[in-house]
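Trainee:
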Amino acid sequence: MGLTIAQKIIKAHLVSGEMIPGTEISLKIDQTLTQDATGTMAYLEFETMGIDRVRTERSVAYIDHNTLQSGFENADDHRFIQSIAKKYGIWFSRPGNGICHQVHLERFGIPGKTLIGSDSHTPTGGGIGMLAFGAGGLDVAVAMGGGAYYITMPKMIKVNLKGKLRPFVTAKDVSLEILRILSVKGGVGSIIEWGGEGVATLSVPERATITNMGTELGATTSIFPSDEVTRAFLKAEGREEVYTPLASDPDAVYDRVIDIDLSTLKPLIACPHSPDAVVTVESLKGTKVDQVCIGSCTNSSLLDMLKVAALLKGKTISPSVSVSVSPGSKQVLSMLADCGALTDILSSGARVLECACGPCIGMGFSPNSAGVSLRTFNRNFEGRSGTRDAKVYLVSPETAVAAALTGEITDPTLLGTMPAVTLPDAFRIDDSAVLAPASHEEAKDLEILRGPNIKKFPDAHPQENELSAELILKVGDNITTDHIMPAGAKILPYRSNIPYLSKFCFGVVDETFPERALAKGKGIIVGGSNYGQGSSREHAALVPLYLGIRAVIAKSFARIHVANLINAGIMPLTFENTDDYEALSQGDELVLSDVFAGMDSGKIVLTDKTTGRSFRLNADFTDRQKAILKAGGLLAYTKISGN
Ligand code: MIC
Ligand code: SF4
């Protein structure tokens, strides 16, 4: 039987397990990346492992999220990461050099290699045929130390593309179309492989937009073939030597095949507050827009920016719209400056922000009260923009420009003729903002620079055989990590200070939660389906751990979050019968009995002492996961087992 592209890369990197969907496998990891909002924690965890040098082929630490520096905290964390990187053999991408995924694609990604990153959009690397996964910081730390990365062997979904996109219809619309088809849960447990004759019509930045947003499907990752288009991109980056062709076998078997005819797609838009609430742009025409943001790891490539500049050239943005443009990297920004396109953007009245995540993670540029914001980003979760009642829509750069010019949601095809935009044969190569690590010898005497913002981890709590605790919080479906542990300018600087962060846990849902949870000392959360979708932030597990949460019972979980819960020693359980969710109420006294035997049999009995009813829960854990949970988390387990 032939293999898919992902199966080929998995086969070449398999450390343990068999390639049987649904079973646990582990993979050798060639490259890692971290960003600063998750990196501080990941490096603190790496330090506890006592390894003197990273054991990957390439590890890169990016500073791109926490760049506001409105106090000492960010600057201290940057210095900490920089000093760690220098000492342990990690390349350091300075603030201003760009968004991790954009820079990694440009300068470090290699087709056929494995990459894990402490950021959920690491699958962007699939745009050049990398098998790239988002992961919690601790999993990245383990991979930096040479340990394998554990995942559930995914199913394979193929999206078969035919035809060619029409002017003003873009890769972003392809991403929104697949979200419309599959929903934010539709990719869970699967790798999405993009194929078909239409692939050849898409450039690497377009492919990367699509693999980037595959994260919003809940997919394990997404990947494109590596072909002549990939070679041309790598050549333009001066890295043609790392090119390898990659294609699936003609008789490769997929669990599902979805056909998309690119030539029939229309400009699409995701409505508040979910990336899968997709309708046509046309259907919302005339909606007044207050703000437009162009950028983020989804749409900040040179191609996107050149198109934006060409559409804005000689025009002025609407007086009622506030517009920001954040180029994805220093390479993109300097090339825009070189060719004059930057002046076209500036002359339109748009504000050019630094090459960083910025508004995407609520680091400034929050919309006005109840404002309508059109963003070329990948997530529009409630409150993420920093303005609680804002209405955030997700669109392509073309649709964003149409709204910026007219002041209302406008189908971009009405803008006239799309100016021709082509990528240059050679990009501007300037790696001066990437600092090399010290040599092994030099590194021995280097000191790690720590600021006062770095606080201790929450204590590990080994699982008990009988867990009695109150149902402290009951939430609905599709709870995101932005609900559990919000980000934004006020909180993000405290990512290495769990006690402080805990004050904001579940703030969007129930501001009383942290206080109630701390007062009880021990608690259980009940959630609906797809609990924990979104970010890779392990803080969404570490903070609840600090607040006493010992188990989360949900209808289903998102992949990275469930791994983070187990790593933190919090037991994730699912309902055997999802209707039982309705029978539980916040405040009920719950008991999980015979937990250890239940972990072995795969079923744990939950008794609701308040109502007297009992339910069966699924406890589907591998032997490794059981041992981690019993020890009270991966760090404790590693210390006990010496693994
Ligand atoms: C995000 O887009 O939500 C983030 C911020 O990049 C996160 C990482 C984080 O929370 O630091 C992600 O996607 O993993
Ligand atoms: Fe940064 Fe936004 Fe991309 Fe997350 S989704 S990495 S915050 S640009």
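As numbered in this note's numbering, residues 1 to 643 make up the sequence shown, in order. Ideal placement from N, C-alpha and C gives every residue a C-beta, glycine not left out.
1. For residue 500, which option in 60, 515 and 510 has the closest C-alpha, if you only look at C-alpha atoms?
2. Considering only DSSP beta bridges, list what residue 126 is partnered with.
3. Specify whether the segment 502-519 and the segment 204-224 touch according to this definition: at least 3 beta carbon pairs, one from each stretch, less than 8 Å apart.
4. Less than 6 Å between C-beta atoms, sequence neighbours within five positions excluded: which residues of the same chain meet that for residue 632?
5. Could you give the first and the last residue of the continuous alpha helix (DSSP H) run that contains residue 567?
6. DSSP beta-bridge partners for residue 575?
7. Should residue 340 be listed as close to ligand 1, given that the test is whether its C-beta is under 7 Å from any heavy atom?
8. From this set, 347, 134 and 609, which residue's C-alpha is nearest residue 312's C-alpha?
9. CB of residue 361 to nearest heavy atom of ligand 1: below 7 Å?
10. When you measure from the CB of residue 489 to every non-hydrogen atom of ligand 1, does any distance come out below 7 Å?
11. Using the Cβ count rule (16 or more neighbours within 10 Å means buried), how would you classify residue 577?
12. Heavy atom of ligand 4 less than 7 Å from the Cβ of residue 575, yes or no?
13. Helix, strand or coil for residue 46? Go by DSSP, reduced to three states.
14. Buried or exposed: residue 453, going by 16 or more other Cβ atoms within 10 Å of its Cβ?
15. Below 7 Å, is the gap between the Cβ of residue 92 and the nearest heavy atom of ligand 2?
16. Assuming contact is defined by CB atoms lying nearer than 8 Å, are residue 35 and residue 328 in contact in what I supplied?
17. Give a yes or no on whether the C-beta atoms belonging to residue 645 and residue 523 are separated by under 8 Å.
18. Nearest to residue 663 by CA position, among 615, 158 and 94, is which residue?
19. Please work out which residues of its chain come closer than 8 Å, Cβ to Cβ, to residue 277, disregarding the five sequence neighbours upstream and downstream, and give them in chain order.
20. Just how far apart, CA to CA, sit residue 680 and residue 482?
21. Should residue 73 go down as buried or exposed, given a rule of 16 or more other Cβ atoms within 10 Å for buried?
22. Tell me which same chain residues have a C-beta within less than 8 Å of the C-beta of residue 287, skipping the five on either side of it?
23. Pick from 614, 575, 622 and 608: whose alpha carbon is nearest that of residue 596?
24. Excluding sequence positions up to five away, which residues of its chain have a Cβ less than 8 Å from the Cβ of residue 301?
25. Tell me the residue span of the beta strand (DSSP E) that contains residue 88.
26. Taking the alpha helix (DSSP H) that residue 500 falls in, what are its first and last residues?
27. Give me whichever residues DSSP pairs with residue 227 in a beta bridge.
28. Quick check: is any heavy atom of ligand 2 less than 7 Å from the C-beta of residue 378?
29. Under 7 Å: does the beta carbon of residue 507 sit that close to some heavy atom of ligand 1?
30. Does residue 330 come out as helix, strand or coil in the three-state DSSP assignment?
31. Using only CA atoms, which one of 118, 129 and 228 lies nearest to residue 110?
32. Which residue's Cα is closest to the Cα of residue 176: 394, 422, 420 and 544?
33. Compute the Euclidean distance between the alpha carbons of residue 85 and residue 634, then round it to the nearest angstrom.
34. Relative to the alpha-carbon of residue 217, which residue among 478, 575 and 583 has its alpha-carbon at the smallest distance?
35. Express the C-alpha separation of residue 22 and residue 91 in angstroms, rounding to a whole number.
36. Can the beta-carbon of residue 267 be found closer than 8 Å to that of residue 56?
Mentor: In this structure, then:
1. 515
2. None, per the DSSP bridge assignment.
3. no
4. 460, 461, 462 and 569
5. 559-568
6. 617
7. no
8. 347
9. yes
10. no
11. exposed
12. With respect to small molecules bound, the structure shown includes ligand 1 and ligand 2 and not ligand 4.
13. helix
14. buried
15. no
16. no
17. As shown, the chain starts at 1 and ends at 643. That puts residue 645 outside it, with no answer to give.
18. No answer is possible for residue 663: it lies beyond the span of the chain, which begins at 1 and ends at 643.
19. 270 and 271
20. Here the chain covers residues 1 to 643 and nothing more, so residue 680 does not appear.
21. buried
22. 372, 408 and 409
23. 622
24. 102, 205, 208, 209, 328 and 332
25. Looking at the DSSP string, residue 88 is not in any beta strand (DSSP E); the run it does join, the alpha helix (DSSP H), is 72-88.
26. 498-501
27. Partner(s): none; residue 227 has no beta bridge.
28. yes
29. no
30. helix
31. 129
32. 394
33. 23 Å
34. 478
35. 35 Å
36. no
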